[in-house]
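**Student:** Position 16, counted from 1, in the sequence shown is what this note's numbering calls 556; the numbers after and before it change by one each time, with no gaps.
All C-beta atoms, glycine included, are put in the ideal place defined by N, C-alpha and C.
Here the structure is a predicted model, which means the values were calculated and not measured.
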Amino acid sequence: ERQRLSGYSTAEQRRKYWWRHATTAPNLYRAIAPLERVLVCPRVSKFSLFDFVPKGQVYNEQTVVVASDSHGLFAILQSTLHEGWARVRCSTLDTRLRYAPSDCFDTFPFPSSLDGLDGIGERYHEHRRQLMLANNEGLTATYNRFHDPEEKDPGIRKLRDLHVEMDLAVRDAYGWTDLDLEHGWVETRTTEEKKDKKTGKTRTVTKSEWRFTISERARKEVLRRLLELNHRCYAEEVAAGLHDGKKTSRKADEDDAGAGGETDDTPPKSSGGRQPFALTHPDDDTQLGLFGSAAAASGAATAAPASKAAEPPAPYAATASPAIGSTPATAARLSPAASAVLAALEQSGDWFSKAELITASGIDPTAWKDAIAELLDAGKVERRGEKRGTRYRAVVSTSGGSTPQDD
541 ERQRLSGYST
551 AEQRRKYWWR
561 HATTAPNLYR
571 AIAPLERVLV
581 CPRVSKFSLF
591 DFVPKGQVYN
601 EQTVVVASDS
611 HGLFAILQST
621 LHEGWARVRC
631 STLDTRLRYA
641 PSDCFDTFPF
651 PSSLDGLDGI
661 GERYHEHRRQ
671 LMLANNEGLT
681 ATYNRFHDPE
691 EKDPGIRKLR
701 DLHVEMDLAV
711 RDAYGWTDLD
721 LEHGWVETRT
731 TEEKKDKKTG
741 KTRTVTKSEW
751 RFTISERARK
761 EVLRRLLELN
771 HRCYAEEVAA
781 GLHDGKKTSR
791 KADEDDAGAG
801 GETDDTPPKS
811 SGGRQPFALT
821 HPDDDTQLGL
831 FGSAAAASGA
841 ATAAPASKAA
851 EPPAPYAATA
861 SPAIGSTPAT
871 AARLSPAASA
881 VLAALEQSGD
891 WFSKAELITA
901 SGIDPTAWKD
911 AIAELLDAGK
921 VERRGEKRGT
931 RYRAVVSTSG
941 GSTPQDD
């Protein structure tokens, strides 16, 4: 088999040096060379889990490595604010989060300063480390207990208190002191179809899961502010000329649809470097019209755009009313999630991806599949593209019947 590998450099290296790792990731090891440790997280996991590990290791492909040893950055990435962004932007494997850096790290609008985050990040990490050592448990087992309402262990309760303190510190780093995160217990219910192996019959199974997290109202507002901040920072980059001549070589039809995955195209990463603290935003000018950009939410830790010309229109509200753009009869026939998605679509005649609609409508991501299926079956929404390029648009009713809007 090694003899048949030929025609490209990696295959030649595998054939010649068959006992070595084929891909050595030289850029990664150059980036972490000055550090004693690095931040890592699993690519697929039940929870958003970040931890420090020594740099002198060969990292598995299923490990995401962040070239930083900062407790302040750890505090941001481990916070509920970043996890909420990741769960909307990334895909899943079964019900587990699939953390893709291009989807949720490169697009995440970090605060302009990490001041005040190192202390809480270090205290949180050290308490969690000591807790795992004392209980001889890993991260997943620890967070299973963290999210169990029946768990009264003093160490777990202190970890929850530290998590609240860390979330508030991250919130304050953005200047959002007006936002009450309302930490507490939140129950989510999911349904799935399971086929009985013996009878062959399919039954619907409902699962209930508790999480110690911020309230649903706070989650929607955090996502709205992060998206707004992201687009505003992109406008600043455009005004500074950082995107001149940086247009990617995507096909025209992909450009029109808004190229990228259903969960990763708003906003994709920019061309502005790969430092951990880089504010990274859409590559394509066409993306700006999707939700726009405006002055950041009250107290947001970001500078104003360099010029008024670079500032697009105000964004759609993430908590759009289900009745906007719908007749009372339409709103009554549709489920609340479907009505919210339709309202977000009817505010503009443009095409939108799944991730954009979840953010704009404010629905729970787990309700997306049923909501969009309901709208497609009712003829309220049209779809184009497949898989990562799928886009949706509202169907406009006219006197002659329902017809799609012109491109």
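#1: On the CB-based measure, 16 or more other CB atoms within 10 Å of its CB, does residue 694 come out buried or exposed?
#2: Helix or strand or just coil, what does DSSP make of residue 639?
#3: Which one of 562, 879 and 780 has the shortest CA to CA distance from residue 955?
#4: Just to confirm the assignment, what range does the beta strand (DSSP E) spanning residue 700 have?
#5: Run through the segment 609-633 for me and flag every whole alpha helix (DSSP H) of 4 or more residues, listed as ranges in chain order.
#6: Count the other C-beta atoms from every protein chain shown that fall within 10 angstroms of the C-beta of residue 747, then say buried if there are 16 or more, exposed otherwise.
#7: Rounded to whole angstroms, how far is the Cβ of residue 921 from the Cβ of residue 885, which I believe are closer than 8 Å?
#8: Name, in chain order, the residues that DSSP records as bridge partners for residue 728.
#9: Per DSSP, residue 922 forms a beta bridge with which residues?
#10: Assess, as a yes-or-no matter, whether the segment 658-671 is touched by the segment 775-782 under the definition of 3 or more beta carbon pairs within less than 8 Å.
#11: Checking 8 Å against the spacing of the C-beta atoms, do residue 627 and residue 647 come in under that value?
#12: Between the segment 750-760 and the segment 716-729, do three or more beta carbon pairs fall short of 8 Å?
#13: Within the same chain, show all residues whose beta-carbon is closer than 7 Å to that of residue 837, passing over the 5 residues directly before and after it, in chain order.
#14: Would you say residue 707 and residue 721 are within 8 Å of each other, going by their C-beta atoms?
#15: Measuring CB atoms only, is the segment 570-580 touching the segment 594-602, in the sense that at least three cross pairs come out at less than 8 Å?
#16: Can you tell me whether residue 909 is helix, strand or coil according to DSSP?
#17: Nearest to residue 703 by CA position, among 622, 730, 598 and 778, is which residue?
#18: Going by Cα to Cα distance, which pick from 557, 745, 598 and 669 is closest to residue 589?
#19: With H, G and I counted as helix, E and B as strand and the rest as coil, what does DSSP make of residue 582?
#20: Measuring alpha carbon to alpha carbon, tell me which residue in 894, 901 and 902 is nearest residue 909.
#21: So, at 6 Å on beta carbons, what are the nonlocal neighbours of residue 685 in its own chain, with the 5 sequence-adjacent residues on each side left out?
#22: Do residue 657 and residue 615 count as a contact pair if the criterion is CB distance below 8 Å?
#23: State the CB to CB distance for the pair residue 891 and residue 931, rounded to an integer number of angstroms; the pair is presumed to be in contact (CB under 8 Å).
#24: In whole angstroms, what is the alpha-carbon distance linking residue 561 and residue 572?
#25: Can you tell me which of the three DSSP states residue 686 falls into?
#26: In terms of residue numbering, what span does the alpha helix (DSSP H) encompassing residue 762 cover?
#27: Leaving out five residues before and five after residue 907 in sequence, what residues of the same chain have Cβ atoms less than 7 Å from its Cβ?
#28: What is the DSSP secondary structure of residue 857, counted as helix, strand or coil?
#29: When we look at the beta-carbon of residue 661 and count the other beta-carbons within 10 Å, is it buried (16 or more) or exposed?
#30: For residue 508, does the three-state DSSP call read helix, strand or coil?
#31: In this structure, how does DSSP classify residue 677 when only helix, strand and coil are distinguished?
#32: For residue 557, which residues in the same chain have their Cβ closer than 6 Å to its Cβ, ignoring the five residues on either side in sequence?
#33: Identify every residue that forms a DSSP beta bridge with residue 892.
#34: Considering only their Cβ atoms, is the gap separating residue 659 from residue 760 smaller than 8 Å?
#35: Between the alpha carbons of residue 569 and residue 735, how many angstroms are there, rounded?
#36: For residue 787 and residue 640, what's the separation of their Cα atoms in angstroms?
**Tutor:** So, to answer that:
#1: exposed
#2: coil
#3: Because the chain in this structure spans residues 541 to 947, residue 955 falls outside the shown range and cannot be described.
#4: No beta strand (DSSP E) holds residue 700; the alpha helix (DSSP H) holding it covers 694-713.
#5: Complete alpha helix (DSSP H) runs here, min 4: 611-618 and 620-629.
#6: exposed
#7: 6 Å
#8: 749
#9: 933
#10: no
#11: Result no, Cβ atoms of residue 627 and residue 647 do not sit closer than 8 Å.
#12: The segment 750-760, when compared against the segment 716-729, does touch it at the 8 Å Cβ threshold.
#13: Legend: pLDDT at residue 837 = 32, less than 50; position of this residue unreliable, value from coordinates given subsequently. If we look at residue 837 and ignore the five residues flanking it on each side, its Cβ neighbours are 716, 765 and 768.
#14: yes
#15: yes
#16: helix
#17: 622
#18: 669
#19: Three-state result, residue 582: strand.
#20: Nearest of 894, 901 and 902 to residue 909, Cα basis: 894.
#21: 691 and 696
#22: yes
#23: Their Cβ separation, rounded to whole angstroms, is 4 Å, which keeps residue 891 and residue 931 in contact under 8 Å.
#24: 19 Å
#25: helix
#26: 756-779
#27: 877
#28: Bear in mind that a pLDDT of 27 at residue 857, under 50, signals an unreliable position, so the model cannot answer this.
#29: Result: buried.
#30: There is simply no residue 508 to check, as the chain begins at 541 and stops at 947 in what is shown.
#31: Note: residue 677 maps to coil in three-state DSSP.
#32: none
#33: Residue 892 is bridged to 932.
#34: no
#35: 47 Å
#36: Annotation note: pLDDT 45 at residue 787 (below 50); position unreliable, coordinate value reported separately. Roughly 23 Å separates the two Cα atoms.
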